[in-house]
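Numbering of the sequence shown is given in the UniProt record's numbering, commencing with residue 1 and proceeding in unit increments.
The structure under discussion appears below in the form of structure tokens.
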Amino acid sequence: MNFANHFPSSHNEGKAPIIRRFVIQTVQTVKERSPNDTRLTFYDSVAAGMVLCKQICVEDEQTLEICVSQLWSSPGTTVVDKVRVIFGGLDVYSNSLNVGAGSLCSDRFDIINRLKTNSTPRTPCLCDPKAVLTHLERSLAPTSTILKALGERDRLPNNRQIYELILTYNFSLAETAELKIHFPGLSGHVYESALEGGPFHMIFDSNKKLCFTADCYPSAKKLEKGKGYVLRAAIRHENTSYLDELKNLSAILRIKLASDVSLECFSTQQGALLGLADKKTKNSSWNDVLFPGEKRPLYFSAPKRGSIPKHAVAGDSLVGSVTIDKTPNRGGLEFSGKNPRVKRGPGTDRSVKRYSLRWEVGPALVRDGGASTPAQRKDKKPAGDHVKYKAQLDELRTLLKDRQFGEFDEKYRVAVGQKPDYVPFLSIRLERLEEAAKDNPNPDVDEILNAADAVVEKISTEDIASTLYPVVDSEDESEVSAREEAEKNRRMLSQALLRKLRIVKRTLDAMKDDDDVDKRTSYEQTFEASFKQLRKWNADMTAMSAEVSLMTAERERRRSRFACGLKALGSLEGANASKDMLELRRRLLLALNWRHVVEYEDRWKLIRNPKSYPLF
């Protein structure tokens with residue numbers, strides 16, 4: 001059943017009203033589950049003639065063991081008159097509590113009062129269904145796997161070899177949040193697991209700095225907004241075939257939502273789908289009593305559009321819980337005596353049964369008018385071409401992410417041949433050239449600069465200025481569409497200028513003093529002109545503030561305005577400061593001859609920027 005209430009009562013043999021301290025522990029043995037999942041312990045004080053009521057959640061068809069004892073620090077003789085246990089509560093009958101992607105309402109859930117006893121044949125339960133989504137779950141696939149044999153210090157008896165599998169995952173956070181890492185089938189299992197516990201894992205930031213560690217019983221930790229987080233998990237066993245099966249093990253990233261998402265309850269599917277009547281309210285008939293054997297249907301509506309996190313993508317899941325029982329503490333473990341006084345125990349998260357609920361996030365929601373992007377709303381006629389170009393762009397992004405440059409070039413030639421002036425195609429080619437240049441000590445700088453200029457030339461800055469900065473009527477769909485398109489073009493323009501600045505900066509840093517002076521002067525002029533244009537479109541420092549600040553500090557350093565460069569880096573200082581920022585800051589401090597600060601920074605360098613990941 002859903003719950004069991006415990007009513008212990010007692011009296012003492014002495015004449016004075018003495019208060020005794022009791023400990024009450026309940027446990028159920030459930031196969032393939034740890035006793036910690038079903039064990040509850042209460043500490044409370046009970047006086048003579050007092051009734052103590054405790055309500056807990058129990059599992060169906062499992063033996064419940066209750067232990068009542070007097071605490072060692074509360075001496076004296078105490079007699080427990082009786083212990084009474086009353087079972088009650090509601091249950092949910094459904095094939096699945098998972099709601100598929102794109103569903104506007106849940107499937108039918110049946111609420112049932114299954115309890116049938118001879119002593120209380122008409123025990124009612126109050127029905128008050130509530131559904132709350134509290135976390136976002138995202139599945140991570142491993143980016144690399146390493147299987148190796150451990151050294152002689154890690155050996156089993158009879159000189160048996162132990163092997164270690166190290167899995168690496170990459171992820172980013174769109175906002176500061178609490179998160180927990182879960183490995184399906186391994187987390188939460190120690191003695192029941194054939195792998196001697198779940199993976200030991202560590203979280204690192206982009207600088208390889210350790211954020212926190214966890215084991216098979218992970219706890220939630222708070223991480224700052226940022227990119228480049230790395231999760232490394234280690235699993236050990238003497239049988240390599242077991243570890244080979246786990247090379248594709250997914251890690252579940254469980255992120256706590258900034259605010260819980262409540263779902264509305266309905267008694268009919270049409271009501272949940274269309275938001276009609278039969279909705280549960282505080283004064284509605286939903287606060288009803290269900291007698292044993294009664295059944296009632298239940299449906300939940302979809303989360304409201306504004307409640308879904310903006311960073312949620314298709315494939316993610318919103319998870320939470322469903323509670324259906326509002327039965328007060330009226331059954332339980334009881335110590336009875338003359339003129340009993342009932343003492344209600346405090347409610348806990350495990351006093352009422354919670355059913356897990358999962359709502360899969362579907363594709364991007366379609367806005368009013370039947371179009372989901374500004375380009376589609378601006379002109380619905382070429383919608384087919386837009387979808388085709390977007391599909392080609394997505395394919396190019398995938399190839400670029402996998403660093404398949406040869407196949408990328410072939411697909412790009414086909415795509416750009418169909419629409420040579422399509423700015424996203426030109427922008428992703430620039431990104432491809434910059435990505436390939438990272439592994440090339442002598443990249444073709446002129447090719448990258450020409451690709452950046454091609455993007456800049458195709459974007460009309462006059463249209464951006466005339467559309468982006470005037471106040472837009474939010475009720476005018478055409479103006480909103482034009483503004484979104486202008487903002488998109490501004491971001492692509494800024495990205496192109498930033499990539500241009502990065503390759504010029506890299507080239508200037510690699511040049512020696514005796515290199516071609518004219519070429520150095522030309523690159524410095526290109527850097528200055530590109531920076532002025534970038535600052536023009538990022539004056540508010542809201543978009544790409546970190547990269548813009550780095551370029552601002554680099555420009556001030558080249559102009560020998562070192563203090564101004566330090567000021568530009570002020571917003572980037574902190575625990576998650578990047579390696580490039582710290583190196584540039586060190587150069588500025590040396591230029592100012594602040595060697596005492598440089599020595600202090602160097603002592604912390606091994607902690608802020610480790611050269612490698614620590615061992616497990």
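Where is the CB? At the ideal position from N, CA and C, for every residue including glycine.
Keep in mind the model is a prediction, meaning the values are calculated, not measured.
Item	Value
Expected contact under 8 Å - CB spacing of Y163 and T240 to nearest Å	5 Å
Buried versus exposed call for residue 622 [16 or more other C-beta atoms within 10 Å across all chains shown]	No answer is possible for residue 622: it lies beyond the span of the chain, which begins at 1 and ends at 616.
Same chain, Cβ closer than 6 Å to N98, five either side skipped, listed in chain order	R358
Inter-residue spacing [alpha-carbon to alpha-carbon] between S427 and Y523	22 Å
With 16 other Cβ atoms within 10 Å as the buried cut-off, status of R413	exposed
Cβ-Cβ distance between L253 and I235 below 8 Å	no
Nonlocal neighbours in the same chain, by C-beta distance under 6 Å from V132, ignoring five residues either side	D260, S262 and G320
Residues bridged to L298 [DSSP beta-bridge criterion]	F109
Nearest to E556 (by Cα), restricted to the options N538, A591 and S578	A591
Pair within 8 Å by beta-carbon distance, E434 and R499	yes
Where N170 sits in the DSSP three-state scheme	strand
Whole-angstrom C-beta distance between V79 and V68, which should lie under 8 Å	Contact doesn't hold; Cβ gap of about 12 Å is too wide.
C-beta atoms of L430 and A451 nearer than 8 Å	yes
V455 vs V423 beta-carbon contact at 8 Å	yes
Top-ranked residue by Cα proximity to A177, from V46, K221 and H201	K221
Contact set for A312: own chain, Cβ-Cβ below 7 Å, skip 5 residues either direction	L136 and V361
Integer-rounded CB distance, given that P199 should sit under 8 Å from F183	5 Å
C-alpha gap between S103 and S74, whole angstroms	57 Å
Outcome for S478 when other beta-carbon atoms lying within 10 angstroms are tallied against a minimum of 16	exposed
For P129, the first and last residue of its enclosing beta strand (DSSP E)	C125 to L140
Start-to-end residues for the alpha helix (DSSP H) that takes in G100	Unbroken run through G100: none, as it is neither H nor E.
Range of the contiguous alpha helix (DSSP H) that encloses S144	It is not in any alpha helix (DSSP H) - S144 instead sits in the beta strand (DSSP E) that spans S144 to A149.
Selection from Y43, G88 and R33 that minimises the alpha carbon distance to V352	G88
G271, buried or exposed, once every other Cβ within 10 Å from all chains shown has been counted against 16	buried
C-alpha gap between Y217 and E32, whole angstroms	16 Å
Cross-strand partners of M511 (DSSP beta bridge)	Looking at the DSSP assignment, M511 forms no beta bridge with any residue, so it has no partner.
Contacts around Y613, its chain only, beta-carbon distance under 7 Å, and the 5 residues preceding and following it disregarded	F204, K208 and R232
Which listed residue (A314, S549, R114 and G226) has its alpha carbon closest to that of residue 617	Given that the chain is displayed from residue 1 to residue 616, the structure contains no residue 617 and the question cannot be resolved.
Three or more C-beta pairs below 8 Å linking the stretch 511-527 and the stretch 455-467	no
As assigned by DSSP and simplified to three states, the class of G345	For G345, the predicted model reports a pLDDT of 44, less than 50, meaning its position is unreliable and no value from the coordinates is stated.
Where R502 falls, given that 16 or more other Cβ within 10 Å makes a residue buried	buried
For A577 and G565, believed in contact at Cβ under 8 Å, the rounded distance	Contact flag wrong, Cβ pair sits at about 15 Å.
K488, DSSP secondary structure in three states	helix
Helix, strand or coil at Y422 according to DSSP, with G and I counted as helix	coil
Selected residue, minimal CA-CA separation from V230, among A48, W72, L167 and K611	L167
Cut-off 6 Å between Cβ atoms - residues of its own chain near R354, not counting five sequence neighbours on either side	S321 and T323
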